[in-house]
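Presented below is the structure to which this report refers.
Residue numbers (UniProt numbering): 1 to 425.
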């Protein structure tokens, strides 16, 4: 492990929230597949399973930023604990509906409630790192925030590797509902322990004033739009891999190839954080987006399984710095008291893009074949470049540290354009 990562985890209390945050994030990758296994093993309907997953994902994407705003307003512990309990209750209701063959509309309603109360642990962990490492209160000799964001990106990829494996193992070795119960347990245990751990930089709640959305900041709108394109790439690539392997009679390879995509991102994420970067985050972000476009070329041109696997590793390596860069820009452009909402918008827009990518890839596959649907990811990469390059100067309007406000432990951050003559407007 890089010395910077060692220094990062040597900061008091950080190991605890990193580990509990990892456990609490496992349901991100478990709920989809475990929900399908639950519904198909009890009700026997793939259509209903897809509708349940869709209602949960839709509600989760629509409400992530609002949950982040509540956390910024009231603090992590006060908001996360009731959200975790409500989410676990909704999942329990889904489980009972399936086991007792309850009404389908009721099942979908509970799915929507579960999505609305989904605990965005990833945004909360990044918010804690930002609170610890930004401003004058940062521990002496602590690594840059980009190291922590890279670590969290790598943990996200680890979650997407381990989660489906764990859900499938539980469902196949015990019962079809076991994977879903495992996801519930991870949510409850990880969420409660994360929320109740002392120390670790739980950010102070912000004042009630200035309750507008961070989307009013021009640079954030650009980042959000690009993240939709990045999510489309993720969704299209993963959906097309499944269709491509099935089309070529190698269905069993879909899991390992998708895992290779995540492994590439994991390696790149750790590598990104292990070095010190010069220049501003906006330039790195735009360069990373261009690399994503280049990284998609071998995927679109791969003629066989071996080269496809190599291609998705390259694509994964290219994608990780772009997603890390999006979080870096959020930290620089968003006021400190709204940082959780800012990070939540990345989750919301990437999730929206995932849905677009999966849907578009499925349509193209049905009409033109699996290999053609890789062009969806390529088109999304082109769109990301076209959206980021013209607005590089908007993205470069990084935040400027100013004096402390109220009782916040760290400096408040405001966009440069809000400062005139050394005074905050």
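Here a beta-carbon is modelled for each residue, glycine too, at the ideal position from N, C-alpha and C.
Pairwise C-alpha distance: residue 39 and residue 459 | In this structure the chain extends from 1 to 425, so residue 459 is not present and cannot be described.
Measuring alpha carbon to alpha carbon, tell me which of 17, 355, 314, 348 ends up nearest residue 266.
-> Reading the chain shown from its first residue, position 266 is the one you call residue 266. Nearest C-alpha to residue 266: 314.
Exposed or buried, which one is residue 101 when buried takes at least 16 other CB atoms within 10 Å?
-> Along the chain shown, one-based indexing puts residue 101 at 101. The residue is exposed, with fewer than 16 neighbouring Cβ atoms inside 10 Å.
Cβ pair count under 8 Å reaching 3, the segment 52-69 against the segment 332-352 = yes
Note down the Cα distance separating residue 149 from residue 308, rounded to an integer number of angstroms.
-> Position 149 of the chain shown, counted from the start, is the residue given in the question as residue 149. Position 308 of the chain shown, counted from the start, is the residue given in the question as residue 308. In a straight line, the C-alpha of residue 149 is about 29 Å away from that of residue 308.
Consult DSSP for residue 87 and reduce its assignment to one of helix, strand or coil.
-> As a working note, residue 87 is residue 87 in the chain shown. Residue 87: helix per DSSP, three-state reduction.
Note down the Cα distance separating residue 30 from residue 368, rounded to an integer number of angstroms.
-> The residue you call residue 30 lines up with position 30 of the chain shown. The residue you call residue 368 lines up with position 368 of the chain shown. If I take the Cα positions, the gap works out to 31 Å.
Spatial neighbours of residue 370 in its chain, beta-carbon cut-off 7 Å, leaving aside the 5 residues before and after = Numbered from 1 along the chain shown, position 370 holds the residue referred to as residue 370. Excluding positions up to five away in sequence, the list reads 240, 243, 244, 247.
Where do the N-terminal and C-terminal ends of the alpha helix (DSSP H) with residue 280 fall, by residue?
-> Here residue 280 is taken as the residue at index 280 of the chain shown, counted from 1. Looking at the DSSP string, residue 280 is not in any alpha helix (DSSP H), and its letter there is neither H nor E.
Candidates 269, 234, 93, 327: closest to residue 377 by CA position = Looking up residue 377 in the chain shown gives position 377. Measuring from the Cα of residue 377, the nearest candidate turns out to be 234.
Stretch pair the segment 134-148 + the segment 210-222: three plus CB contacts closer than 8 Å = no
Thinking residue 166 and residue 26 are a contact (beta carbons under 8 Å), I'd like their distance in whole angstroms, please.
-> Within the chain shown, numbered from 1, the residue matching residue 166 stands at position 166. Within the chain shown, numbered from 1, the residue matching residue 26 stands at position 26. Contact holds; Cβ gap of about 7 Å.
Give the range of the alpha helix (DSSP H) segment to which residue 327 is assigned.
-> Indexing the chain shown from 1 puts residue 327 at position 327. 305-333 is the extent of the alpha helix (DSSP H) around residue 327.
DSSP three-state call for residue 11: helix, strand or coil?
-> One-based indexing of the chain shown puts residue 11 at position 11. In this structure, residue 11 counts as coil in the three-state DSSP scheme.
Does the segment 87-103 come close enough to the segment 127-139 that 3 or more CB-CB pairs lie under 8 Å?
-> no
Could you tell me the boundaries of the alpha helix (DSSP H) in which residue 382 lies?
-> The residue labelled residue 382 in the question sits at position 382 within the chain shown. Per DSSP, residue 382 belongs to the alpha helix (DSSP H) from 374-388.
Counting pairs of Cβ atoms below 8 Å between the segment 347-364 and the segment 223-233, do you hit three or more?
-> yes
Looking at the structure shown, is residue 272 part of a helix, part of a strand, or coil, going by DSSP?
-> Numbered from 1 along the chain shown, position 272 holds the residue referred to as residue 272. Three-state result, residue 272: helix.
Could you check where the alpha helix (DSSP H) with residue 61 kicks off and where it finishes?
-> Along the chain shown, read from residue 1 onward, the residue named residue 61 stands at position 61. Counting along the chain, the alpha helix (DSSP H) containing residue 61 begins and ends at 46-74.
Residue 148: first and last residue of the uninterrupted alpha helix (DSSP H) it sits in = For this step, residue 148 is matched to residue 148 along the chain shown. Element bounds for residue 148: 145-173.
Mind reading off the beta-carbon distance from residue 71 to residue 84? Whole number of angstroms is fine, and I expect it under 8 Å.
-> Sequence index remark: in the chain shown, residue 71 carries index 71 (1-based). Sequence index remark: in the chain shown, residue 84 carries index 84 (1-based). Between residue 84 and residue 71 the Cβ distance is about 12 Å, and since that is not below 8 Å, they are no contact.
Rounded to whole angstroms, how far is the Cβ of residue 325 from the Cβ of residue 288, which I believe are closer than 8 Å?
-> As a working mapping, residue 325 is identified with position 325 in the chain shown. As a working mapping, residue 288 is identified with position 288 in the chain shown. Confirmed, Cβ separation roughly 5 Å.
What did DSSP end up calling residue 367 once you bin it into helix, strand or coil?
-> Walking along the chain shown from the start, residue 367 turns up at place 367. Helix.
Classify residue 319 as buried or exposed, calling it buried when 16 or more other Cβ atoms lie within 10 Å of its own Cβ.
-> Reading the chain shown from its first residue, position 319 is the one you call residue 319. Buried.
Give the straight-line distance between the Cα atoms of residue 357 and residue 142, rounded to the nearest whole angstrom.
-> Here residue 357 is taken as the residue at index 357 of the chain shown, counted from 1. Here residue 142 is taken as the residue at index 142 of the chain shown, counted from 1. Approximately 39 Å between the Cα atoms of the pair.
Whole alpha helix (DSSP H) elements within the segment 332-357, 4-residue minimum | none
State the start and end residues of the unbroken alpha helix (DSSP H) segment that holds residue 128.
-> Taking the first residue of the chain shown as 1, we reach residue 128 at position 128. Segment 121-133, the alpha helix (DSSP H) holding residue 128.
What first and last residue would you give for the alpha helix (DSSP H) that runs through residue 237?
-> Mapped onto the chain shown, residue 237 falls at position 237. Per DSSP, residue 237 belongs to the alpha helix (DSSP H) from 218-247.
Cβ contact check for the segment 253-263 and the segment 155-165: 3 or more pairs under 8 Å = yes
Nearest residue (CA-CA) to residue 349, options 93, 332, 327, 333 | As a working mapping, residue 349 is identified with position 349 in the chain shown. Checked all of 93, 332, 327, 333; the closest Cα to residue 349 is 327.
Of the residues 322, 295, 90, the one placed nearest residue 283, counting alpha carbons only | Numbered from 1 along the chain shown, position 283 holds the residue referred to as residue 283. Here the closest residue by C-alpha is 322.
Enumerate in chain order the residues of its own chain whose CB-to-CB distance from residue 114 is below 7 Å, with the five nearest sequence positions on each side excluded.
-> Taking the first residue of the chain shown as position 1, residue 114 is located at position 114. Only 56, 87, 90, 91, 94 meet the Cβ criterion.
Beta-carbon contacts of residue 385 that lie in its chain and below 7 Å, excluding the five residues immediately before and after | By one-based count along the chain shown, residue 385 stands at place 385. Closer than 7 Å at Cβ, skipping near neighbours: 289, 290, 293.
Three-state class that DSSP yields for residue 117 in the structure shown | Along the chain shown, one-based indexing puts residue 117 at 117. Residue 117: coil per DSSP, three-state reduction.
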